[in-house]
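Numbering (our numbering), first residue to last: 115 to 310.
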Amino acid sequence: LGKYELTQAQYETVMNGNSEGLNAKPSNWPNNDNRPVEKVSWEDAQVFLSRLNSIEQTAGRLPNGWKYVLPTEAEWEYACRAGTTTAYHFGNDLTQLKNYAWYYDNSFDSYPKVGKKKPNPWGLFDMHGNVAEWVLDHLVAERPGGKDPLVRVEKEGVNQVRGGAWCSTAEYCESTFRNSLMGGGDKYNHIGFRIA
Numbered sequence: 115l116g117k118y119e120l121t122q123a124q125y126e127t128v129m130n131g132n133s134e135g136l137n138a139k140p141s142n143w144p145n146n147d148n149r150p151v152e153k154v155s156w157e158d159a160q161v162f163l164s165r166l167n168s169i170e171q172t173a174g175r176l177p178n179g180w181k182y183v184l185p186t187e188a189e190w191e192y193a194c195r196a197g198t199t200t201a202y203h204f205g206n207d208l209t210q211l212k213n214y215a216w217y218y219d220n221s222f223d224s225y226p227k228v229g230k231k232k233p234n235p236w237g238l239f240d241m242h243g244n245v246a247e248w249v250l251d252h253l254v255a256e257r258p259g260g261k262d263p264l265v266r267v268e269k270e271g272v273n274q275v276r277g278g279a280w281c282s283t284a285e286y287c288e289s290t291f292r293n294s295l296m297g298g299g300d301k302y303n304h305i306g307f308r309i310a
């Protein structure tokens, strides 16, 4: 899983000249290379991943059979928790959230650069805040037929985000918080993504 959320500079590098007509600088606060990209839909993330995979395979940097993807919601939570069972990877003490996440109480109505808060025990930054992150599958209460939680569960028109955002209150930053959004084409100034 990516150490950081995808930055504006990374998104622009891959999306410049895309044939789908997508803006290579979609962010609400553009020209901030080290801030996470946002105002990208789940569908835009799929276009980015397709282009990235093609670039990396052509350059010989991605082994045959490998590809970059969005993590499943279960993979995302596993990485966020980093072996913990508490509400946040650092425990349950809300006074510590400011040390690990940009969220409503400390973001001042915008989101900052990636990696400026402390990482989780596995070295992943901004898992509890900054921007919420698109994941591959949608929200389900129970996996049908005992399906492997690391496998995408399809549901037409519904996509899911994990993690808190710069505009989230503390409870929306917990490791277990999930949110489903209708429509994979919707774009928000508080949702980006991280690649696996």
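Positions of the beta carbon are idealized from the N, C-alpha and C atoms, including for glycine.
- Taking Tyr286 as reference, the option from Tyr217, Ala188, Cys194 with the minimal CA-CA separation is Tyr217.
- By DSSP's assignment, Val275 forms a beta bridge with Trp248, Asn293.
- Straight-line spacing of the CA atoms in Gln210 and Phe307 works out to 24 Å.
- Burial is judged here by how many other beta carbons sit within 10 angstroms of a residue's own beta carbon; Ala215 has at least 16 and is buried.
- With contacts defined as CB atoms closer than 7 Å, Ala201 and Pro235 fail to qualify as a contacting pair.
- Across the structure, Ser224 and Trp280 are spaced so that their CA atoms are roughly 6 Å apart.
- Between Val245 and Gln274, the CB-CB gap reaches or exceeds 7 Å.
- In this structure, DSSP gives Thr198 a state outside helix and strand, which the three-state scheme calls coil.
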